[in-house]
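In the working numbering, the protein residues as written are 211 to 983.
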């Protein structure tokens, strides 16, 4: 038997020497995460009583200012940790977002972090970061000693910063927040913390830690402007939604240096009878149109339609300051008291505006239409035009209706009648196509010279509006088709079909009014149109228009073609408004490249990931603009109604939540709120599927779309908030009205916000040229 030998015992490892101060600092600096005493001890093999010495050394290093202790452990003083919580505040000159860390223990101002945008499409449904967001950011040092970072997760809007109106007091002042959800929650500004603010100023406030008792305290960060007149009310929306409204010096310098385009590389179309038809107060004209009978005997009764669009790409080059700022803005924003343009006036109102009698560069599409309105072929051209006339919608319509004036008389037979004849053919094709036909008139707020609300009107919808809209739709379709055929990447305007859960909810609502939603067959706009036609002459007509609108998906910009459900089109891209929409500028550049119309088109190596990122950004900018426009109108109307507290109004239930009813007034379109506690002595249950509040004991029902009478109890102009008392009775279980006198209710603070509309499909005023499609 072999003899087993025993290996000699290993000698115990020699203890590691205690780390020097420099070694500890180097380890902390090289760590990818914040570290604490445990990680340092493990790295250097420190055990037992030596940990007490380590704790003492670390405390000394901290007291000397070489290390900072924050959430999660230690980091070198004056340096950001690998992952940091930061607020996205602005953009740099290259268009990249700049974020500022929420916590900073170093000396001087906290460093800005340049956010590196991902090149590929965003995974899942994670929201794209934007100015005003608070985000978790992974940080690295860049080659120049600064910080670069990538967004790990968008946490939400910066809650520590509040926009409000400063009210001066004997001892400091107070802030009245401008957001509806913050009404009744004022902020105390201690003496010396008001900065440069004066009574009535719009300010940005940093909120300090709230106490259990008393008002929260804050400090004025920035004076944003004076709200001395209603003309400045749009300032609130601009700052609340972080909408850029002051052009950078470099952008203005580029615009001022731009020179008119020449005929080089363009076809000369200056002798063609193109003309513009716009609102009477329009300052920029980005589309001109003409129509003529097609002389080709193979197309009897057909037409040749021409749509010429301002050639913005000739002036706004990729990578320029103009381009970066246009992308940041995404689109122009229209308020009753001002317009915040996407491009400086030198570009938008001068060089690119298709002014009457002046030479202007354009990108034009020439479409051959059959007598039945179907398009046979089309082609794109880079041209120089000279608009024959500048007409207003009502002016052009009056000429067709037999009331020409000095401007339209000479154009009636040569230009206007051919346009209307071509539109008649397109309208027949549109009727066959069957787009979603919602009837939701848009109200327009008219201001007095002093900036107060003069009146609210519903502009008449003319054939002149529909003509231009249909011409623009056809041009947009032609752009998408051309780019697809050329295999050129582009940004589509996509509108997906309604989601299954929204269709189920719609079916429940329809069932409550005796209409059955088919469960089989393809989902098409014609389905909704049949429902609307059935309900048009009933009391449910307006109600169902609202419900069907809310069932629709939201229209967005994306490089993947999902079609346009609302317009019932297989492909659609925005091409017709590059002065005020960045998406259209991208499509122009893509067409220039695809049709070989110049060297200033879309780069050949642009990726779908980059276009997806742009699509996300400009879709968010569009939603931001719509919210700002809507809230500004709310504030203006609240100013208008503030001296009518106690007056009664007719309206309609426009929203139903468990908290109460939202009421839309007939005369002004203003939205206000009736708290559920003030509906009566019954307990009201929210039945979401029926869009109704139902009394458990009486069965009294208040449903979306019901006609009601209300009394104005309270108006908060700064927030655009109105609170009503409901005077009408609800429905009985049999569907009629309950008997008895109107309800009387006490008041309480208004804290809820009115529901927004999805911007996918809605009737549009002439100014927007179908921009909501």
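Just so it is clear, CB atoms sit at the ideal spot from N, CA and C, and this is done for glycine as well. Model, not experiment: these values are computed from the prediction.
Between the alpha carbons of residue 713 and residue 761 lies a distance of about 7 Å. In the DSSP assignment, residue 702 falls within the beta strand (DSSP E) that extends over 702-704.
When DSSP reads this structure, residue 911 sits in a beta bridge with 904, 941. Only buried fits residue 645, as 16 or more other CB atoms lie within 10 angstroms of its CB.
If you check the CB distance, residue 509 and residue 580 come in under 8 Å.
Distance from the CA atom of residue 858 to the CA atom of residue 746, rounded to whole angstroms, is 28 Å. Residue 487 places its beta carbon less than 8 Å from that of residue 674. Beta-bridge pairing by DSSP links residue 821 to no other residue. Inter-residue distance for residue 722 and residue 706 is about 26 Å (C-alpha atoms, whole angstroms).
The residue from 339, 377, 374 with its alpha-carbon nearest to that of residue 364 is 339.
Non-local beta-carbon contacts of residue 643 in its own chain, meaning distances under 7 Å to residues more than five positions away in sequence, involve 778 in chain order. Spanning the alpha carbons of residue 549 and residue 450 requires a straight line of approximately 16 Å.
Look at the beta carbons and you see the stretch 741-755 not touching the stretch 796-813: under three pairs across the two are nearer than 8 Å.
Comparing C-alpha distances from residue 597 to each of 496, 611, 614, 647 shows the shortest one belongs to 496. Listed in chain order, the non-local C-beta contacts of residue 710 below 6 Å within the same chain number zero, local neighbours out to five positions each way being set aside.
Under the 10 Å beta carbon count, residue 535 is surrounded by 16 or more other beta carbons and is classified as buried. For the pair residue 383 and residue 399, the CB atoms are nearer than the 8 Å cut-off. Taking 8 Å as the cut-off, the Cβ atoms of residue 655 and residue 846 count as close. Contact annotation: the stretch 227-240 touches the stretch 249-257, with at least three C-beta pairs closer than 8 Å. According to the DSSP assignment, residue 600 belongs to the beta strand (DSSP E) that extends over 600-602.
The Cβ atoms of residue 522 and residue 699 do not sit closer than 8 Å to each other. In this structure, the straight-line span from the alpha carbon of residue 466 to that of residue 704 is close to 35 Å.
Nearest in C-alpha terms to residue 677, of all of 794, 720, 501, 595, is 501. Looking at the DSSP output, residue 657 sits in a beta bridge with 663. Scanning 271, 636, 258, 260 for the CA closest to the CA of residue 233 turns up 271. The secondary-structure analysis by DSSP pairs residue 862 across a beta bridge with 874, 917.
Check the Cα spacing between residue 840 and each of 361, 547, 412: the tightest is with 547. One Cα belongs to residue 376, the other to residue 426, and the distance between them is close to 15 Å. Spatial neighbours of residue 591 in its own chain (CB-CB distance under 7 Å, excluding positions within 5 residues in sequence) are listed in chain order as 477, 574, 576. Taking all protein chains in view, the Cβ of residue 860 is surrounded by fewer than 16 other Cβ atoms within 10 Å, so the residue is classified as exposed. By the Cβ test, the stretch 901-915 is not in contact with the stretch 822-839, since fewer than three Cβ pairs between them sit closer than 8 Å.
In the three-state reduction of the DSSP assignment, residue 474 falls in the coil class. For residue 587, same chain residues with a beta-carbon under 7 Å away, outside a window of 5 residues either side, are 578 in chain order. Going by C-alpha positions, residue 513 is about 45 Å away from residue 719.
Counting along the chain, residue 682 sits inside no beta strand (DSSP E); it lies in the alpha helix (DSSP H) bounded by residues 673-695. If only complete runs of 3 or more residues are kept, the stretch 729-788 shows the beta strand (DSSP E) at 766-768, in order along the chain.
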